[in-house]
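Everything on this sheet refers to the single structure shown next.
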Amino acid sequence: MKILVLSSLYPNEVQPRHGIFIEHRVAHLARAGDEIRVLAPVPWFPSSNPRFGQYAKLARVPGQADRRGVRVEYPRYPVIPKVGMTLAPFLMAAALYRHIARLRRNFEFDVIDSYYLYPDGVAAALLAKWFDVPLAMTALGSDVTQIPESAPARRMILSAASKAAAVTTVAGALRDELVTIGARPDNIRVVLHGVDLDLFSPPTDRQALREKLGMTAPTVLCVGYLVDNKGIDLAIRAIARLSGVWLMIAGTGPCEIALKALAESLGVRDRIDFLGHVDQDSLPELYGAADVVANCSAREGISNVLLEAMACGTPLVATPVWGSPEVVSRAEAGVLTADRSDEAIAHGIAQLIASPPDRAKTRAYAETFNWRDTGRQHHALLTAAVAGYRARRD
22 MKILVLSSLY PNEVQPRHGI FIEHRVAHLA RAGDEIRVLA PVPWFPSSNP
72 RFGQYAKLAR VPGQADRRGV RVEYPRYPVI PKVGMTLAPF LMAAALYRHI
122 ARLRRNFEFD VIDSYYLYPD GVAAALLAKW FDVPLAMTAL GSDVTQIPES
172 APARRMILSA ASKAAAVTTV AGALRDELVT IGARPDNIRV VLHGVDLDLF
222 SPPTDRQALR EKLGMTAPTV LCVGYLVDNK GIDLAIRAIA RLSGVWLMIA
272 GTGPCEIALK ALAESLGVRD RIDFLGHVDQ DSLPELYGAA DVVANCSARE
322 GISNVLLEAM ACGTPLVATP VWGSPEVVSR AEAGVLTADR SDEAIAHGIA
372 QLIASPPDRA KTRAYAETFN WRDTGRQHHA LLTAAVAGYR ARRD
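In the working numbering, the protein residues as written are 22 to 415.
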């Protein structure tokens, strides 16, 4: 089988952690005799001058790369900021058509495997129709929890999903929501994410690691982009309720200044370390040394942070949103809060500090989320999609 993967969330040398979970999924997808090519469209911008910020960074993304033995191409597509959301799938599909037509001369793909429903999945549905191949679509999170709030986007997502040979979601909650808003339930399957169990593993000497990192008190870790949705403010307010507990925050984002000001106003700035950006290779040490990892999000599919922390043996405090209850479903995983409030988060942290689960059991539970099984399940769906499509044509 020849598989053409399409996702604008695929990582690149400028954004190495951008959608890295998709790269892991694709790396475990191929079976003997399969070939995979990846198209990771990037918004077009004419200048790489740093004064243009994020757009300038995108301009520096290379045209192609080989990542984990897979050829990845980064074609450009036009984006109209703010007002162009409804046009985005059509602009992406139109920009990719000629690129794919050229690619197909040497790579006669059997299926398009797209990740993120909008605009990527909708664009992929158009391209699958134009090139007469089956389509698989995967929902990841905000493409179900947020984007369908726009009626035009919702209609396009549902139309594309109705034409897809298979639709997968990374959490049962996302599947249920797709059905609620009108998607066909018969071709939606849940295929959970995995975690890199080699990179994310428990420390060999946790006490020595804590001493190296200067952890002398019970320590909570938050990891993520500092935006309102992540609820880092709730973690700070929770720490203010807990005497003697420290908080480490790994990440950057537009809310950083406001979060530091909040910590000052609550009188806990001296118990909070803002670490800034932390490379992925350095995260396992932080996870492994922390006593608790807190995820206070308002929306999640299956958060990488949940799986990575548990793989390092560290229990979780997580808010009861979307896919999180499907992960924090056992005592060895940690605590699912009663609600999304700083009081409930503080209660969960205190509970785990007082009576933590066996860290070896936390790691063993994390091992049930592995990319090998994810790849096997997803490959079976693609195989069935191609077989069914060919049968209907014959």
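The C-beta atom is built at its ideal place from N, Cα and C for all residues, glycine as well. None of the values given here were measured: they were computed from a predicted structure.
- The Cβ atoms of residue 82 and residue 127 do not sit closer than 8 Å to each other.
- Going by DSSP, residue 397 is part of the alpha helix (DSSP H) stretching over 392–414.
- Taking the C-beta atoms as reference points, residue 272 is found no nearer than 8 Å to residue 319.
- Taking the Cβ atoms as the reference, residue 259 lies roughly 6 Å from residue 370, within the contact range of under 8 Å.
- For residue 135, the enclosing beta strand (DSSP E) starts and ends at 132–136.
- Counting only the Cα atoms, residue 22 lies some 33 Å from residue 327.
- Here DSSP, grouped into helix, strand and coil, assigns residue 85 to strand.
- Here residue 159 is near residue 136, since their CB atoms are less than 8 Å apart.
- One thing to note: residue 141 has its Cβ within 8 Å of the Cβ of residue 27.
- Look at the beta carbons and you see the segment 228–243 not touching the segment 206–216: under three pairs across the two are nearer than 8 Å.
- In the three-state reduction of the DSSP assignment, residue 273 falls in the coil class.
- The DSSP-derived three-state label of residue 166 is helix.
- Beta-bridge partners of residue 64 (DSSP): 98.
- Excluding the 5 residues flanking it on each side, residue 393 has same chain C-beta neighbours closer than 8 Å at 49, 215, in chain order.
- Secondary structure at residue 343: coil, using DSSP grouped into helix, strand and coil.
- Beyond the five residues adjoining it in sequence on each side, residue 379 comes within less than 8 Å, by CB distance, of 353 in the same chain, given in chain order.
- Residue 331 carries a helical assignment under DSSP once its states are collapsed to helix, strand and coil.
- In terms of Cα proximity to residue 315, the closest of 255, 61, 124, 25 is 255.
- By the Cβ test, the segment 346–362 is not in contact with the segment 289–303, since fewer than three Cβ pairs between them sit closer than 8 Å.
- At the C-beta level, residue 110 and residue 65 stay beyond 8 Å of one another.
- When rounded, the separation of the alpha-carbon atoms in residue 186 and residue 84 is 30 Å.
- Counting only the Cα atoms, residue 261 lies some 16 Å from residue 372.
- When the Cα atoms are used, residue 53 and residue 227 turn out to be separated by approximately 40 Å.
- Three or more beta-carbon pairs drawn from the segment 111–118 and the segment 146–154 are found closer than 8 Å, and the two stretches are therefore classed as touching.
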